[in-house]
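Before any comments, here is the structure.
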Amino acid sequence: MSFLNKMQRKFGRHAISHLTQYIIITYVVGYLLAYLAPQALSYLTLEPYYILKGQVWRLVSWVLVPPGRADIWTLIMLFFYYSIGGTLERTWGDFLYNLYIFFGMFMTAVGAFILYGVFYAIYGLPALVGSAFSTYYVSLSLLLGFALTYAETQVLLMFIIPIKMKWLAVIQLVYVAVDLVKGNWATRVVIICSLANVLVFFLLGRNWRRYNPKEVRRRKTYARAVQQSQAKPGQARHKCAVCGRTELDDPTLEFRFCSKCNGNYEYCQDHLFTHEHVK
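Residues in the sequence shown are numbered consecutively from 20, following the working numbering.
Here's what the structure looks like:
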């Protein structure tokens, strides 16, 4: 995945900050349209037939199509996804979070055209497939991404039942698996393409350990320790936690922080590999 790292260094500054807020706004707008002008939603769906006829706005406007009806559970869902989406955004960084979300949306559009092409190849007539695509699987990919990053985090299901995110994700995946088995090929195309971002980002070998909350916290602690080590002229910048020597005692000494110690511990070259790790 060095390609993603190169992309992040080159285009990371162009990433959209607070993307979760905009996602929630599209949900709210979609539900308002469904309530105030439901007929308008038919002009927003991801319909390849109409897109090929020139209605190119549907490539984007489909994100306004809500995944279900508006009720009290919708408000709970919006708050929940706002919370986990914002957490993922802070943990992964804007660029990677943007890429995860937009790749999922792109593959959803690809899935719509694949489904349209399959129906056309079989029946020889254009078919309307837009009703099969909504933001439901975008939301599900957020939940799965959060569960794979914060597997042990506990939430209250229905505000009563404590459950860890990994088990909540398993429950959702069971429903998806049932749909894959019992559904037709149209259903399978929708699910596989809409959740392609999860498959690509998590199941094809990316090292997500670096985005683990503990690892993120460790790197931030290390960065603060390095910054604090910048001393004033005449003061020692480095000090070995074992022997106490500094660069003032011997200018040839080299010092390093230990990534395995629990805390900001710096060691000279003689004790970097021989000291006992602080746990």
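Note that beta-carbon positions come from the ideal geometry of N, C-alpha and C, so glycine has one too.
- In the three-state reduction of the DSSP assignment, residue 57 falls in the helix class.
- Approximately 11 Å separates the beta-carbon atoms of residue 181 and residue 187; this is outside 8 Å, ruling out the contact.
- Sorting 213, 163, 259 and 160 by C-alpha distance to the C-alpha of residue 274 places 259 at the top.
- Closest by C-alpha distance to residue 98, out of 262, 278 and 44, is 44.
- In this structure residue 285 is buried. Its beta-carbon is surrounded by 16 or more other beta-carbon atoms within 10 angstroms.
- Annotation: residue 270 is outside any alpha helix (DSSP H) and is labelled neither H nor E by DSSP.
- The straight-line gap separating the alpha-carbon atoms of residue 185 and residue 212 is approximately 22 Å.
- By a beta-carbon distance limit of 8 Å, residue 82 does not contact residue 151. Their separation comes to about 15 Å.
- Taking a 10 Å sphere around the C-beta of residue 24, we find fewer than 16 other C-beta atoms and assign the residue as exposed.
- Counting along the chain, the unbroken alpha helix (DSSP H) around residue 217 starts and ends at 215-221.
- Contact between residue 145 and residue 62 does not hold, since their C-beta atoms are separated by about 17 Å, which reaches or exceeds 8 Å.
- The alpha-carbon separation between residue 205 and residue 133 amounts to approximately 9 Å.
- As the crow flies, the alpha-carbon of residue 31 is around 8 Å from that of residue 115.
- For residue 120, the enclosing alpha helix (DSSP H) covers residues 113-142.
- Residue pairing for residue 174: DSSP places it in a beta bridge opposite 182.
- Following the DSSP letters along the chain, one finds residue 156 inside the alpha helix (DSSP H) bounded by residues 155-168.
- One Cα belongs to residue 41, the other to residue 159, and the distance between them is close to 17 Å.
- Take residue 138, set aside five residues on each side of it, and the residues of its chain with a beta-carbon closer than 6 Å to its own are 146, in chain order.
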